[in-house]
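Here is the structure we will look at, set down as structure tokens.
The structure is reproduced here in structure tokens:
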């Protein structure tokens, strides 16, 4: 059960209700909309991460889901496994993310991105070896987008866990 009550969409501004409706009134957004201005900007950046840029969406979703795993954020994991499936992450890859290092279902770029993700979350920044490996696979724009995706979803995972956002049926969850 969430630590504080979710916002009441019927009491929100038209703009906040519009964003909530667009996001199926998911619990994360109902909590975040207590601060309408932050909520709107959060959704703007989240939309750019998920729908703009040149980072391969499979690499992005593998990294985001792995971030949720490392941050122990079940809501995030469930949401992004579903989103990942919609962009081409295989069931085998999704299931292997917990122990990706021993799995054979990831290509070299995906493995480099997952190592990069692990080190950002666990070490605060990647080692030179890991940075060199991923920067040899991605152009600068995609590399920046990967790092910002991981950072954004660290924040999102911590938000979910801080407020103990309730899980919803997988068909309702939007990450």
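In this note's numbering, the protein residues as written are 114 to 288. Here a beta-carbon is modelled for each residue, glycine too, at the ideal position from N, C-alpha and C. These figures come from a predicted structure and were not determined experimentally.
- The C-beta separation of residue 243 from residue 265 comes to about 20 Å, leaving the pair out of contact by the 8 Å criterion.
- When DSSP states are grouped into helix, strand and coil, residue 270 belongs to the helix group.
- If you compare the alpha carbons of 185, 237, 171 and 275 with that of residue 196, the shortest gap goes to 171.
- Scanning 277, 257, 279 and 241 for the CA closest to the CA of residue 167 turns up 257.
- By alpha-carbon distance to residue 270, the top candidate from 188, 222, 124 and 146 is 188.
- Here the alpha carbon of residue 235 sits roughly 8 Å from the alpha carbon of residue 183.
- Burial of residue 180 is indicated by the presence of at least 16 other C-beta atoms within 10 angstroms of its C-beta.
- Between the segment 114 to 125 and the segment 143 to 154, the count of C-beta pairs closer than 8 Å reaches three or more; the two stretches touch.
- Membership of residue 145 in the alpha helix (DSSP H) is indicated by the continuous run 140 to 145.
- For residue 193, the closest of 255, 263 and 121 by C-alpha to C-alpha distance is 263.
- When the beta-carbon positions are compared, residue 136 and residue 281 stay at least 8 Å from each other.
- Within its own chain, the residues whose Cβ lies closer than 7 Å to the Cβ of residue 209, once the five positions on either side in sequence are excluded, are 216 and 218, listed in chain order.
- Counting only the Cα atoms, residue 224 lies some 27 Å from residue 274.
- Taking C-beta atoms under 8 Å as the contact rule, residue 278 and residue 161 fail to qualify, at a distance of about 22 Å.
- In this model, residue 190 and residue 253 are separated by some 27 Å (Cα to Cα).
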